[in-house]
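K.L.:
If you scroll down you'll find the structure; I have some questions about it.
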Amino acid sequence: MEKTKFGIQGLDKALEGGIPQGNLVLISGGAGTGKSTLCLQFLLNGANLFGEKALYISTEQSPEELYKQAASFGWDLEKLEEKNLLKILYFDITHGSNFLSEVDVVIKEFQPKRVAIDSMTTLTDALIIGGMGTQSDFSLVQVVEKVSPIPRTEQIIAKSILYKLIRELKKYKLTTLLTSELYEESKRLSADGISEFITDGVIIMHYIEIGVGDYRSLEVRKMRYSNYDKDIIPYAITEKGLEIMDKLQ
Ligand SMILES: Nc1ncnc2c1ncn2[C@@H]1O[C@H](COP(=O)(O)OP(=O)(O)O)[C@@H](O)[C@H]1O
Ligand SMILES: [Mg+2]
């Protein structure tokens, strides 16, 4: 099984070489845990270390905000864009709703090897409100409506859209990260409580402040087609980005 490396020491080791190529992996965690940083690093390392084209689909931060965030770590996104190794697709959730068709065009033209969608939570919220294209797109919504008298609640629609979205994204067979907001106290593994079941992998990120110290840790909760380290893995975000620390013994 070919693996796609994060290019982050310790994390690739925990994943026994990286993410199985083509896996769709959910990166779940609270605000400020480092999900976007991890996505950036995954894409930049892919481009810089392995010459793999990388696509960042952003629904929260504009390209300018991403440039700024990356620059704070000393990473030059524009240079990689000029080299045609990186593409940023900013999907403004307050506008258009043809997410899948926009993504399809970009993927077919650009032919990335790695994709990050940041964030899945904003996106699904927006798609529910916006309706995401025409109704014929939503076979699952229709199935739900036909077979069950349950009213078409927001939750059912959300799940249907997510199913459809993830199923469509899987067709590209690209190694993909999807970020999901998670409250620390949540027992679920994602904001929607469903994507953890339909994605190929789940990495949970934690951030706890105790007194003056802050403690960051991540854990791989699921990774199809591969073995992985089940332990809690401490990490830090430094001026060089996300770095794995030695395990607490
Ligand atoms: N240049 C930097 N140096 C050190 N830490 C940083 C830097 N930039 C961001 N961080 C840390 O990373 C956190 C934000 O990470 P981010 O990837 O945006 O999280 P998320 O996407 O999960 O909300 C900040 O709250 C800050 O603690
Ligand atoms: Mg973020």
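According to numbering that gives the first Met the number 0, the stretch in the sequence shown is residues 0 to 248, in order.
Yeah, the Cβ is synthetic: ideal placement off N, Cα and C, and Gly gets one too.
Remember, it's a predicted structure, so these values are computed and weren't measured experimentally.
1) If you pair each beta-carbon of the region 48–68 with each one of the region 210–220, do three or more pairs fall below 8 Å?
2) Under a Cβ-count criterion, where at least 16 other Cβ atoms within 10 Å of its own Cβ denotes burial, should aspartate 91 be classed as buried or exposed?
3) Would the C-beta of glutamine 259 count as close to ligand 2, meaning under 8 Å from any of its heavy atoms?
4) Mind the definition here: the region 200–212 touches the region 24–36 only if three or more C-beta pairs lie below 8 Å; say whether that holds.
5) Are arginine 113 and glycine 33 close, meaning C-beta to C-beta below 9 Å?
6) At the level of alpha carbons, what is the spacing between leucine 88 and glutamate 101?
7) Examine chain E for any beta-carbon lying closer than 9 Å to the beta-carbon of alanine 53, and answer yes or no.
8) Taking only heavy atoms of ligand 2 into account, decide whether any of them is closer than 8 Å to the Cβ of lysine 170.
9) In the DSSP assignment, what residue or residues form a beta bridge with methionine 222?
10) Is any non-hydrogen atom of ligand 1 found closer than 8 Å to the C-beta of serine 35, if you look at the structure I gave you?
11) Which residue spans inside the region 10–98 form an unbroken alpha helix (DSSP H) run of at least 4?
12) Which residues mark the beginning and the end of the beta strand (DSSP E) in which tyrosine 227 is found?
13) For threonine 36, I'd like the list of residues in its chain whose CB is within less than 7 Å of its CB, leaving aside the five on either flank, ordered along the chain.
14) By Cβ distance below 6 Å, which residues in the same chain neighbour threonine 120 in space, the five residues on each side in sequence not counted?
15) Mark isoleucine 18 as exposed unless 16 or more other C-beta atoms lie within 10 angstroms of its C-beta, in which case mark it buried.
16) Is it the case that the Cβ atoms of alanine 115 and alanine 30 are separated by a distance below 9 Å?
17) By the three-class DSSP mapping on this structure, what secondary structure does arginine 215 have?
18) Starting from the C-beta of serine 135, find all residues in its chain whose C-beta is less than 7 Å away, skip the five residues before and the five after it, and write them out in chain order.
19) So, helix, strand or coil for serine 179, using DSSP?
20) Please name the residue or residues paired with proline 233 in a DSSP beta bridge.
21) Helix, strand or coil for aspartate 117 per DSSP?
P.N.:
Reading off the structure:
1) The region 48–68 is not in contact with the region 210–220.
2) Indexing the sequence shown from 1 puts residue 91 at position 92. Around the beta carbon of aspartate 91, a 10 Å sphere encloses fewer than 16 other beta carbons of the protein chains shown; the residue is thus reported as exposed.
3) Residue coverage of the chain in this structure runs from 0 to 248, which leaves residue 259 outside it and unanswerable.
4) Result yes; three or more Cβ-Cβ pairs closer than 8 Å.
5) Numbered from 1 along the sequence shown, position 114 holds the residue referred to as residue 113. Numbered from 1 along the sequence shown, position 34 holds the residue referred to as residue 33. Cβ atoms of arginine 113 and glycine 33: not closer than 9 Å.
6) The residue you call residue 88 lines up with position 89 of the sequence shown. The residue you call residue 101 lines up with position 102 of the sequence shown. Each residue's alpha carbon lies about 9 Å from the other.
7) In the displayed structure, chain E is absent; only one protein chain is listed.
8) Locating residue 170 in the sequence shown gives position 171, where the first residue counts as 1. Flag unset: Cβ of lysine 170 not near ligand 2.
9) Position 223 of the sequence shown, counted from the first residue, corresponds to residue 222. DSSP, once it has assigned bridges, lists Gly200 as partnering methionine 222.
10) Counting from 1 along the sequence shown, the entry for residue 35 is found at position 36. Yes, the Cβ of serine 35 comes within 8 Å of a heavy atom of ligand 1.
11) Within the region 10–98, the complete alpha helix (DSSP H) runs of at least 4 residues are 10–13, 34–49, 62–70, 76–81.
12) Here residue 227 refers to the residue found at position 228 when the sequence shown is read from its first residue. Run containing tyrosine 227: none; DSSP gives neither H nor E here.
13) Here residue 36 refers to the residue found at position 37 when the sequence shown is read from its first residue. Around threonine 36, the same chain offers Ile236, Gly240, Leu241 as residues with beta carbons nearer than 7 Å, after the five sequence neighbours per side are excluded.
14) In the sequence shown, counting from the first residue as 1, residue 120 sits at position 121. Around threonine 120: Ser179, Glu180, Ala190.
15) Taking the first residue of the sequence shown as position 1, residue 18 is located at position 19. Its Cβ being crowded by 16 or more others within 10 Å, isoleucine 18 is buried.
16) As a first step, residue 115 is located in the sequence shown; it is residue number 116 there, counting from the start. As a first step, residue 30 is located in the sequence shown; it is residue number 31 there, counting from the start. Going by C-beta atoms, alanine 115 is not nearer than 9 Å to alanine 30.
17) Against the sequence shown, residue 215 aligns to sequence position 216. Note: arginine 215 maps to strand in three-state DSSP.
18) The count along the sequence shown starts at 1 and reaches residue 135 at position 136. At serine 135 the pLDDT is 35, less than 50, meaning the model places this residue with poor confidence; the figure from the coordinates comes in the next sentence. Around serine 135: no qualifying Cβ.
19) In the sequence shown, counting from the first residue as 1, residue 179 sits at position 180. Residue state, collapsed to three classes: strand.
20) In the sequence shown, counting from the first residue as 1, residue 233 sits at position 234. According to DSSP, proline 233 bridges with Ser216.
21) Sequence index remark: in the sequence shown, residue 117 carries index 118 (1-based). Strand.
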